[in-house]
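Peer 1: Pasting a structure here, questions to come.
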Amino acid sequence: MSLTEEQIQRYSRNIILEQVGGAGQEKLLASKVLIVGVGGLGSPAALYLAAAGVGTIGLLDGDQVDLTNLQRQIIHHTADVGKRKVVSAKEKIEAVNPDVAVRTYDVWARADSIRDIIREYDFVIDATDNFPAKFLINDVCHFERIPFSHGGILQFEGQLMTIIPGRTACYRCLFPGPPPANAVAPCGQAGVLGVLPGVIGLLQATEAIKYLLGMGGLLTDSLLTYCALTMEFRKVPAQRRADCPLCGPNATITTLRDEGKVVCNRKGCKC
Amino acid sequence: MLTTKVDLRGVPCPLNLVKVKLAIEKTAVGDILEIEIDDGEPIQNLPVSLGRQGQEIVETIKCQGYFRLKVRRRL
Ligand SMILES: [Zn+2]
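Here the protein sequences come in this chain order: Z and U.
Our numbering puts the first residue of the first sequence at 4, with every later residue one more than the last.
Our numbering puts the first residue of the second sequence at 5, with every later residue one more than the last.
Following this line, the structure appears as structure tokens:
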């Protein structure tokens with residue numbers, strides 16, 4: 004593969020970077036990233052990865068655009084209300100960069116459907132908004148050995164961590180299982196500052212690009228937390244736990260399963 | 005030793021640097037890349053940028069309205 008004249012101009016600010024160059028740009032164009040959840044976190048991640056020239060972007064979301072999404076899910080516009088989220092996002096990505104091939108999966112993240120999809124990608128961005136989906140992505144990525152970025156937000160606080168399965172701490176090393184169903188309010192009831200997922204989603208996209216290009220240091224074995232109110236970033240050290248139910252030597256989770264109810268699959272949930 | 009030539013006359017800054025960089029990537033370490041660049045901004049900027057990247061300017065030849073640079077890829 005060699006870059007076209009238009010691509011040289013489009014990606015010139017990437018190419019000129021010593022750590023990227025033409026070879027790095029070609030690598031990005033040959034890369035595949037799956038974004039699970041095309042909402043607050045997935046919107047900025049998808050737009051910037053598309054602009055950067057990630058050649059194949061998968062979008063997985065079974066929801067449709069709701070008016071309450073627009074405050075933070077910037078890939079969806081007012082005219083998209085009622086449209087399938089993956090369709091709305093695909094249109095924007097193609098408008099930003101026709102180099103990108105977009106694959107859409109208009110489904111919810113479930114144990115029976117997601118494994119065959121994740122297997123096809125080089126890196127996964129967990130941009131979901133509920134615990135069962137987060138554990139499911141962690142588990143599938145572990146079984147398939149696909150690196151991914153975990154991200155989560157609530158109100159004014161967000162967090163993220165990059166996981167290289169089998170090598171670095173997994174999500175279950177930090178949180179063995181989901182909190183009780185009534186312990187956490189869904190984001191529709193708790194609220195979220197609209198700019199917050201922009202910050203976290205873009206840090207996740209940054210990790211994806213760094214992983215794909217093999218440059219810099221990844222946010223592995225540490226959880227980065229961000230509080231928009233105090234403007235504090237904290238890197239909390241994490242490590243693989245010997246008693247992790249998934250990646251430990253005495254793992255109890257050996258097959259894929261759905262964790263409890265997929266909260267945001269409820270009818271009328273505006274999460 | 006191979007010498008590759010790239011004509012970057014008429015290519016403005018900083019796109020000419022992008023193209024030189026791409027050409028250097030295709031040049032083996034130790035080989036020479038010969039580039040032709042315009043007078044003015046390009047001849048003021050490019051050698052500096054290439055030097056900063058650790059490449060060696062072996063020769064600068066002034067021609068009619070443009071310059072020919074011989075660059076050895078160092079890294
Ligand atoms: Zn683990």
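Virtual Cβ for every residue (Gly too), placed ideally from N, Cα, C.
Among residues of its own chain, excluding the 5 on either side of Thr223(Z), which ones have a beta-carbon nearer than 8 Å to its beta-carbon?
Peer 2: Excluding sequence neighbours, Thr223(Z) sits near Met164, Thr165, Ile166, Ile167, Arg170, Thr171 and Ala172.
Peer 1: For the 8 Å Cβ check, are there 3 or more pairs between the region 192 to 211 of chain Z and the region 239 to 249 of chain Z?
Peer 2: Cβ pair count under 8 Å is below three, so no.
Peer 1: At a Cβ cut of 8 Å, what residues of the region 9 to 29 of chain Z count as close to chain U, listed as they run along the chain?
Peer 2: Per Cβ criterion, the list reads Ile11, Gln12, Ser15, Ile18, Ile19, Glu21, Gly24, Gly25 and Ala26.
Peer 1: Quick one: give me the first and last residue of the beta strand (DSSP E) that Ser34(Z) is part of.
Peer 2: Taken as a continuous stretch (DSSP letters only), Ser34(Z) belongs to no beta strand (DSSP E), as it is neither H nor E.
Peer 1: Please decide whether Val22(U) counts as near chain Z, where near means a Cβ-Cβ distance under 8 Å.
Peer 2: Closer than 8 Å: yes.
Peer 1: Indicate whether Lys93(Z) and Leu62(Z) have their beta-carbon atoms separated by less than 8 Å.
Peer 2: Contact: yes.
Peer 1: If you follow the beta strand (DSSP E) that Cys230(Z) is in, where does it begin and where does it stop?
Peer 2: Start and end: Ser225 to Cys230.
Peer 1: In terms of DSSP beta bridges, what is Ile61(U) paired with?
Peer 2: According to DSSP, Ile61(U) bridges with Val75(U).
Peer 1: From Asp125(Z) to Gly217(Z), what distance separates their C-alpha atoms?
Peer 2: About 12 Å.
Peer 1: Does at least one heavy atom of ligand 1 sit under 7 Å from the Cβ of Ala245(Z)?
Peer 2: No, since every heavy atom of ligand 1 falls outside the 7 Å radius drawn around the Cβ of Ala245(Z).
Peer 1: Of the choices Phe236(Z), Leu215(Z) and Ala231(Z), whose alpha-carbon is the least far from that of Gly225(Z)?
Peer 2: The amino acid occupying residue 225(Z) in the given sequence is Ser; Gly does not appear at that position. Measuring from the Cα of Ser225(Z), the nearest candidate turns out to be Phe236(Z).
Peer 1: Can you give me the C-alpha to C-alpha distance between Glu29(U) and Leu6(U), rounded to a whole angstrom?
Peer 2: Cα to Cα, Glu29(U) sits roughly 14 Å from Leu6(U).
Peer 1: Going by the beta-carbon positions, is the gap between Arg77(U) and Leu21(U) smaller than 8 Å?
Peer 2: No. Outside cutoff.
Peer 1: Please name the residue in Thr64(U), Cys67(U) and Lys25(U) whose C-alpha comes closest to that of Met57(U).
Peer 2: Just to set this straight, residue 57(U) is Gln in the shown sequence, not Met. When each option's Cα is compared against that of Gln57(U), the closest is Lys25(U).
Peer 1: As a quick exercise: from Thr81(Z), Ala82(Z), Val143(Z) and Asp66(Z), pick the residue whose alpha carbon is nearest that of Thr107(Z).
Peer 2: Taking only the C-alpha atoms, the option nearest Thr107(Z) is Asp66(Z).
Peer 1: According to the neighbour-count rule (16 or more other Cβ atoms, all chains shown, within 10 Å of its Cβ), is Cys267(Z) buried or exposed?
Peer 2: Confidence at Cys267(Z) is low in this model, with a pLDDT of 47, below 50, so the placement of that residue is unreliable and no value is reported for it.
Peer 1: Tell me the residue span of the alpha helix (DSSP H) that contains Tyr296(Z).
Peer 2: Residue 296(Z) is absent from the model: chain Z starts at 4 and stops at 274.
Peer 1: So which residues of chain Z does Pro46(U) contact, with C-beta pairs closer than 9 Å?
Peer 2: Residues of chain Z passing the Cβ test: none, with the nearest at roughly 15 Å.
Peer 1: Per DSSP, which residues does Asp129(Z) bridge with? Please list them.
Peer 2: According to DSSP, which records beta bridges pairwise, Asp129(Z) is partnered with Val39(Z) and His153(Z).
Peer 1: Where do the N-terminal and C-terminal ends of the alpha helix (DSSP H) with Glu94(Z) fall, by residue?
Peer 2: Run containing Glu94(Z): Lys88 to Val99, per the alpha helix (DSSP H) assignment.
Peer 1: Could you say which of Gly25(Z), Pro248(Z) and Gly155(Z) lies nearest to Ser5(Z) if we only look at CA atoms?
Peer 2: When each option's Cα is compared against that of Ser5(Z), the closest is Gly25(Z).
Peer 1: At a Cβ cut of 8 Å, what residues of the region 46 to 74 of chain U count as close to chain Z, listed as they run along the chain?
Peer 2: For the region 46 to 74 of chain U, which is checked against every Cβ of chain Z, the residues closer than 8 Å are Gln57.
Peer 1: Could you pull the start and end residues of the alpha helix (DSSP H) that Ala48(Z) belongs to?
Peer 2: Looking at the DSSP string, the run of the alpha helix (DSSP H) that includes Ala48(Z) is Gly45 to Ala55.
Peer 1: Give the straight-line distance between the Cα atoms of Leu221(Z) and Thr7(Z), rounded to the nearest whole angstrom.
Peer 2: Leu221(Z) and Thr7(Z): Cα-Cα distance of roughly 31 Å.
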